[in-house]
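Undergrad: Below is one structure. I have some questions about it.
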Amino acid sequence: MNKISLIIKREYITRVRNKTFLLSTFLLPIMMILFIFGTTFFATKSAQKQQRVAVVNDPGFMREHLKGDSAKVLFTFDATVNDSNFIDKGYDGVLVLNKDTGNKKFLISSKKTLGTFAIGYIEDKLDKAFENRQLQNKGIKIADIDSITKKTNGASSIRNVLKDENGKSKQVNASLNSTIGFICGILIYITMFIFGAMVMRGVMEEKTNRIAEVIVSSIKPFQLMLGKIIGIGAVGLTQLLLWVILISGLFAVAQLFVPADIMQQVQQLQQQQNSGMIPGAGSAAAVSDTASKFFEFRNSILGIPWFRIISTFIFYFLGGYLFYSSLFAAIGSVINEDPQEAQSLMLPITMPIIFGFIILSSNMTTPDSPAMVWGSIIPFTSPIVMMGRIAGGVPWWQLCLSMLFLIGGFLFTTWMAGKIYRTGILMYGKKASWKEMWKWAFRKS
Amino acid sequence: MNILELHHLKKHFATQKAVDDISFNIARGSIFGLLGPNGAGKTTLLRMITGIFYPDSGEILFNGKRFDAMNDVVGIGYMPEERGLYKKMKIGEQALYLARLKGLSKSEALERTKEWFVKFEMQSWWNKKVEDLSKGMSQKLQFVTTVLHRPKLVILDEPFSGLDPVNANLIKDEIFNLSKTGTTIIFSTHRMEQVEEICDHIVLVNKGQKILDGSVKQVKNDFKENLYRIGAHVLPEHLMTPAFEVKKHSEDNLLVKLADGTSTNDLLRHFISKGVAIQSFKEELPSLNEIFIRLVEGTTAARQFQSIA
């Protein structure tokens with residue numbers, strides 16, 4: 479036991495003292511923020527580009543009803559345009575309508591692909607035009623329709639409040655929950671790769687340096703593997719802890735930059751909420767839009783079940799790490815100097831991790847779909863997928879089952895990997911085949 | 004008293020009988036040479052003695068008791084042929100770490116490391132990394148880490164490879180020093196001149212089997228061919244006799260092989276009677292190198308893969 483602690487200490491200290499540890503501790507959160515902002519930036523930017531669409535073959539009422547938004551799609555009724563000269567006339571596309579109003583299949587010719595967003599937008603606007611025409615035929619004036627739409631569109635908003643048995647209320651924000659779950663899932667996905675690969679490289683280093691032979695003449699190979707896994711796991715926990723401190727620190731600092739008058743209004747809203755009133759209902763005029771938005775934002779941040787998220791995150795980080803890192807260690811033990819060998823052997827291990835990520839990202843909005851439920855129970859994917867569900871609440875039995883499976887899973891993988899590792903670490907020359915590794919793992923003694 | 008006794012050790016791998024029924028004893032305090040061509044099974048044998056491998060069958064007695072890898076490894080220091088050290092780790096820390104893995108306390112480890120570093124003039128290396136060392140320097144470091152915990156049994160696999168004569172002598176002296184203080188040394192190599200110089204007792208293995216076992220002197224005697232070297236001006240007409248066969252003849256030097264039934268005195272008498280002035284007379288024993296080659300030659304140089312029933 480004492481010897482394992484020596485190994486753990488060495489693995490931990492050499493890595494934490496390394497410059498790359500410090501660098502990655504500060505750079506990864508920044509990279510992640512840049513990544514998130516970058517993708518949203520590009521998504522909005524490409525959506526914002528205005529498309530100029532010429533409309534021809536108007537059955538008569540479209541000029542009146544088909545209205546675009548100058549920021550997205552601009553419709554121009556120009557009878558001189560056809561599908562061979564629209565580019566010269568400066569249009570991005572030409573929409574050909576039907577004289578027959580019963581047929582609602584249309585053709586749009588364009589220079590470049592318009593994209594699903596623009597096509598969907600045009601379809602919506604066409605539907606709206608047909609709807610308005612029907613309403614008008616029933617005797618409703620366009621002016622009335624417009625003013626009604628203006629008053630009602632986007633005017634309602636829903637706040638979802640959870641009540642527990644004691645009547646205590648808590649505000650939830652479904653989209654925020656799924657975003658946080660997604661970020662946690664990505665974080666587990668990334669850390670599993672980073673620290674799994676770190677274990678693998680460490681094992682490879684010991685093997686190619688031939689120090690493994692010196693060390694296993696002092697302690698058992700299994701102890702060496704376990705010490706390495708635990709030591710690197712501790713490095714991972716340290717890094718996560720630093721990230722939590724860093725991010726909450728940034729959040730606290732950001733709060734200082736909010737102007738004082740807005741903070742005051744926020745306090746006021748808070749008091750209203752505490753006294754059981756609907757915040758901002760009575761004194762709408764006194765509270766600025768920014769303040770109420772900020773209030774809502776802060777409230778939903780505070781409403782997130784942080785304790786539950788962080789504690790399950792730590793569990794699934796450790797569980798997933800232990801589950802996979804021993805497999806990575808086994809792979810590291812069977813390959814020689816050539817890192818290319820690692821690629822092909824790693825594939826069966828990285829596949830389920832990537833698969834878990836795919837389940838998570840394609841089912842973000844439906845945390846209770848069968849794929850998510852099963853993915854969050856089966857230990858190969860559960861560390862990633864469960865994080866996507868945890869913020870929204872998971873039935874206890876599912877959580878317990880998933881945790882038990884994960885613990886059982888990592889005990890099994892560690893046991894199996896230990897046997898492969900024991901043989902692999904001292905074998906030089908040819909890399910082991912899957913068949914040989916299978917034999918090592920399941921032979922007796 | 005034997006520090007180590009091997010009884011009918013066997014270790015078979017998938018395609019090879021690496022060690023096939025080997026038995027021998029090593030006396031406490033001796034310097035023991037384990038010899039054999041490449042792939043003879045030396046490393047496998049050493050790995051079983053260091054507890055890295057378990058034998059398939061057979062028994063190892065360490066200090067008269069059944070070898071228990073978990074506890075007995077503390078009494079063993081093993082320097083494998085392929086040197087292994089953490090390249091990125093500082094040298095002082097590395098020595099401490101390896102010593103502590105062998106069960107030394109922190110203060111003990113520090114004290115002894117410093118002692119050895121002074122002895123080998125390595126003090127200035129303490130904060131350097133292994134990757135900064137030359138091959139010979141890391142060899143010295145490896146030797147230090149092997150003997151730091153004062154093992155009763157030190158196993159050195161090719162300890163002099165890559166060392167210049169000065170450093171090789173330094174290590175050689177330490178080997179003799181350790182031996183004087185009662186440490187048993189197993190020395191595995193295929194450099195026969197070093198074996199002749201250092202070892203008391205040798206075992207030669209080939210193809211997983213022991214083919215020779217004895218003291219250096221005895222082995223040489225067993226393989227002598229009745230060769231004698233005579234320093235004298237000998238004329239060709241003096242050589243016409245059935246008493247010996249001439250192996251080599253130069254102006255003032257003669258190598259002869261005595262015929263059966265002829266004694267050395269008969270030989271000398273023969274030359275004296277011819278009036279030859281003899282300046283020197285010496286029996287020519289075969290070198291271990293010759294014995295080694297004679298025994299191993301003829302068997303296929305590289306081990307063949309065999310199927311294990």
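Taken in sequence, the protein lines are chains Z and S.
Numbers given in my numbering equal positions in the first sequence, counted from 1, plus 478.
Numbers given in my numbering equal positions in the second sequence, counted from 1, plus 3.
We put the CB at the ideal spot given by N, CA and C, even for glycine.
All of these numbers come straight from a predicted model, not from anything done at the bench.
1. Just the chain S side, please: which residues come within less than 7 Å of Z:SER696 by C-beta, in chain order?
2. If I follow the unbroken beta strand (DSSP E) through Z:VAL533, where does it start and stop?
3. Does the beta carbon of Z:ARG679 come closer than 8 Å to any beta carbon on chain S?
4. Checking 8 Å against the spacing of the C-beta atoms, do S:LYS213 and S:ALA43 come in under that value?
5. Of all the CB atoms in chain Z, is at least one closer than 8 Å to the CB of S:GLY44?
6. Do S:MET82 and S:PHE3 have their beta-carbon atoms positioned less than 8 Å apart in this structure?
7. For S:PHE295, would you say it is in contact with chain Z, using Cβ-to-Cβ distances shorter than 8 Å as the test?
8. Z:LYS481 touches chain S at which residues, Cβ-Cβ below 7 Å?
9. Could you please give the first and the last residue of the uninterrupted beta strand (DSSP E) stretch that includes S:GLN19?
10. Could you tell me if S:ARG103 is buried or exposed, where buried requires 16 or more neighbouring beta carbons within 10 angstroms of its beta carbon?
11. Please go through the same chain and pick out, in chain order, the residues whose beta-carbon is closer than 6 Å to the beta-carbon of S:LYS20, but skip the five residues on each side of it.
12. Does any residue of chain Z bring its CB to less than 8 Å from the CB of S:GLY264?
13. Using a Cβ cut-off of 7 Å, pull out every chain Z residue sitting near S:LEU88, in sequence order please.
14. Assign S:HIS152 to one of two classes, buried (16 or more other C-beta atoms within 10 Å of its C-beta) or exposed (fewer than that).
15. Considering Cα atoms alone, identify which of Z:MET670, Z:TYR799, Z:LYS487, Z:PHE504 is closest to Z:ILE723.
16. Residues in its own chain within less than 8 Å of Z:ALA820 by CB, not counting five upstream and five downstream?
17. Measuring CA to CA, which of S:TYR57, S:LYS90, S:ALA72, S:PHE70 is closest to Z:GLY680?
18. Is the shortest distance between the beta-carbon of S:GLY211 and the beta-carbons of chain Z less than 8 Å?
19. Quick check: Z:ALA869 and Z:ILE782, are their CB atoms within less than 8 Å of each other?
20. For Z:PHE519, count neighbouring Cβ atoms within 10 angstroms of its own Cβ and tell me buried if that reaches 16, exposed if not.
21. So, for Z:MET881: in the same chain, excluding its five sequence neighbours on each side, which residues have a beta-carbon less than 8 Å away from its beta-carbon?
22. From the DSSP output, in three-state form, read off Z:ALA910 for me.
23. Would you report the Cα separation of S:LEU113 and S:LEU101, rounded to the nearest angstrom?
24. Would you call S:HIS11 buried or exposed, if buried means 16 or more other Cβ atoms sit within 10 Å of its Cβ?
25. Measuring only the C-alpha atoms, how far is Z:ILE623 from Z:GLN614?
26. Residues of the region 116-144 of chain S in Cβ contact with chain Z at a cutoff of 8 Å, in chain order, please.
27. Beta carbon of S:ILE94, beta carbon of S:VAL133: below 8 Å?
28. Residues in the region 719-735 of chain Z with C-beta within 8 Å of chain S's C-beta atoms, listed in sequence order?
29. If the cut is a Cβ gap below 7 Å, which residues of chain S does Z:ILE693 touch?
30. Strictly under 8 Å for the Cβ-Cβ distance: is S:LEU257 near chain Z by that measure?
31. Pick out whichever of S:GLY87, S:ASN170, S:ILE189 has its Cα sitting closest to the Cα of S:GLY139.
32. Look at the Cβ atom of Z:ILE862, then the Cβ atom of Z:PHE835, and state whether they are nearer than 8 Å.
33. Taking beta-carbon pairs under 7 Å, can you tell me which members of the region 483-498 of chain Z lie near chain S?
34. Contact check, Z:ILE697 vs Z:LYS481 under 8 Å by CB: the rounded distance?
35. When you compare only the Cα positions, how much space is there between Z:ILE903 and Z:THR716?
36. State the CB to CB distance for the pair Z:GLY674 and Z:PHE806, rounded to an integer number of angstroms; the pair is presumed to be in contact (CB under 8 Å).
TA: By the coordinates alone:
1. As a first step, residue 696 of chain Z must be located in the first sequence, where it is residue number 218. Against chain S, the beta carbon of Z:SER696 has neighbours under 7 Å at VAL76, LEU104, LYS105, listed in chain order.
2. The residue given as residue 533 of chain Z occupies position 55 in the first sequence. Unbroken beta strand (DSSP E) run through Z:VAL533: 529-534.
3. For the purposes of this step, residue 679 of chain Z is taken as the residue at position 201 of the first sequence. Z:ARG679 has a beta carbon lying at 8 Å or more from every beta carbon in chain S.
4. Counting from 1 along the second sequence, the entry for residue 213 of chain S is found at position 210. Counting from 1 along the second sequence, the entry for residue 43 of chain S is found at position 40. The answer is no: Cβ separation not under 8 Å.
5. On the second sequence, residue 44 of chain S is found 41 positions in, with the first residue counted as 1. S:GLY44 does not count as touching chain Z.
6. In this structure chain S extends from 4 to 312, so residue 3 of chain S is not present and cannot be described.
7. The residue labelled residue 295 of chain S in the question sits at position 292 within the second sequence. Under the 8 Å criterion on CB atoms, S:PHE295 is classed as non-interfacial with respect to chain Z.
8. Mapped onto the first sequence, residue 481 of chain Z falls at position 3. Chain order gives the chain S residues near Z:LYS481 as LEU104, where near means a beta carbon separation below 7 Å.
9. Walking along the second sequence from the start, residue 19 of chain S turns up at place 16. For S:GLN19, no beta strand (DSSP E) run applies, since DSSP gives it neither H nor E.
10. Sequence index remark: in the second sequence, residue 103 of chain S carries index 100 (1-based). Buried is the call here.
11. As a first step, residue 20 of chain S must be located in the second sequence, where it is residue number 17. For S:LYS20, where only same-chain residues beyond five positions count, the Cβ hits under 6 Å are GLY211.
12. Sequence index remark: in the second sequence, residue 264 of chain S carries index 261 (1-based). Against chain Z, the CB of S:GLY264 has no partner CB under 8 Å away; the residue lies outside that interface.
13. Here residue 88 of chain S refers to the residue found at position 85 when the second sequence is read from its first residue. ASN687, ILE689, listed in chain order.
14. To locate residue 152 of chain S, count along the second sequence from 1; it is residue 149. By the neighbour-count rule (16 or more Cβ atoms within 10 Å), S:HIS152 is buried.
15. As a first step, residue 723 of chain Z must be located in the first sequence, where it is residue number 245. The residue among Z:MET670, Z:TYR799, Z:LYS487, Z:PHE504 with its C-alpha nearest the C-alpha of Z:ILE723 is Z:PHE504.
16. The residue labelled residue 820 of chain Z in the question sits at position 342 within the first sequence. Apart from sequence neighbours up to five positions away, the residues of its chain that approach Z:ALA820 with a beta-carbon distance below 8 Å are MET678, MET682, ILE809, GLY810, ILE813, ordered along the chain.
17. Position 202 of the first sequence, counting from 1, holds the residue named residue 680 of chain Z. Z:GLY680 has its Cα closest to that of S:LYS90, out of S:TYR57, S:LYS90, S:ALA72, S:PHE70.
18. Here residue 211 of chain S corresponds to residue number 208 of the second sequence, with the count starting at 1. Cβ-Cβ to chain Z under 8 Å: no for S:GLY211.
19. Indexing the first sequence from 1 puts residue 869 of chain Z at position 391. Indexing the first sequence from 1 puts residue 782 of chain Z at position 304. In this structure, the beta-carbon distance from Z:ALA869 to Z:ILE782 falls below 8 Å.
20. Here residue 519 of chain Z is taken as the residue at index 41 of the first sequence, counted from 1. Exposed, by the Cβ-count rule.
21. The sequence position of residue 881 of chain Z within the first sequence is 403, counting from 1. In its chain, beyond the 5 residues on either side, PHE793, GLY797 have a beta carbon closer than 8 Å to the beta carbon of Z:MET881.
22. Start at 1 with the first residue of the first sequence, and residue 910 of chain Z comes out as number 432. Correct three-state label for Z:ALA910: coil.
23. Counted from its first residue, the second sequence places residue 113 of chain S at position 110. Counted from its first residue, the second sequence places residue 101 of chain S at position 98. If I take the Cα positions, the gap works out to 11 Å.
24. Numbered from 1 along the second sequence, position 8 holds the residue referred to as residue 11 of chain S. Result: exposed.
25. Numbered from its first residue, the first sequence carries residue 623 of chain Z at position 145. Numbered from its first residue, the first sequence carries residue 614 of chain Z at position 136. C-alpha separation (whole angstroms): 9 Å.
26. Those residues of the region 116-144 of chain S that come within reach of chain Z (Cβ to Cβ, closer than 8 Å) do not exist; the list is empty.
27. Working through the second sequence from its first residue, we reach residue 94 of chain S at position 91. Working through the second sequence from its first residue, we reach residue 133 of chain S at position 130. In contact: S:ILE94 and S:VAL133 (Cβ atoms closer than 8 Å).
28. Flagged: no residues at all.
29. Here residue 693 of chain Z corresponds to residue number 215 of the first sequence, with the count starting at 1. Contact annotation for Z:ILE693 against chain S: LEU104 [CB-CB distance below 7 Å, chain order].
30. Within the second sequence, residue 257 of chain S is the residue found at index 254, counting from 1. Judged by the 8 Å Cβ criterion, S:LEU257 is not in contact with chain Z.
31. Counting from 1 along the second sequence, the entry for residue 139 of chain S is found at position 136. Per the C-alpha coordinates, the member of S:GLY87, S:ASN170, S:ILE189 positioned closest to S:GLY139 is S:ASN170.
32. In the first sequence, the residue the question calls residue 862 of chain Z occupies position 384. In the first sequence, the residue the question calls residue 835 of chain Z occupies position 357. Closer than 8 Å, so yes.
33. LEU484, ARG488, THR492: these are the residues of the region 483-498 of chain Z whose beta carbon lies less than 7 Å from some beta carbon of chain S, given in chain order.
34. If you number the first sequence from 1, residue 697 of chain Z lands on position 219. If you number the first sequence from 1, residue 481 of chain Z lands on position 3. That pair is a contact at about 5 Å.
35. Along the first sequence, one-based indexing puts residue 903 of chain Z at 425. Along the first sequence, one-based indexing puts residue 716 of chain Z at 238. Each residue's alpha carbon lies about 28 Å from the other.
36. What you label residue 674 of chain Z is simply residue 196 of the first sequence in a count that begins at 1. What you label residue 806 of chain Z is simply residue 328 of the first sequence in a count that begins at 1. Between the beta-carbon of Z:GLY674 and that of Z:PHE806 there is about 4 Å, and that keeps the pair under the 8 Å contact cut.
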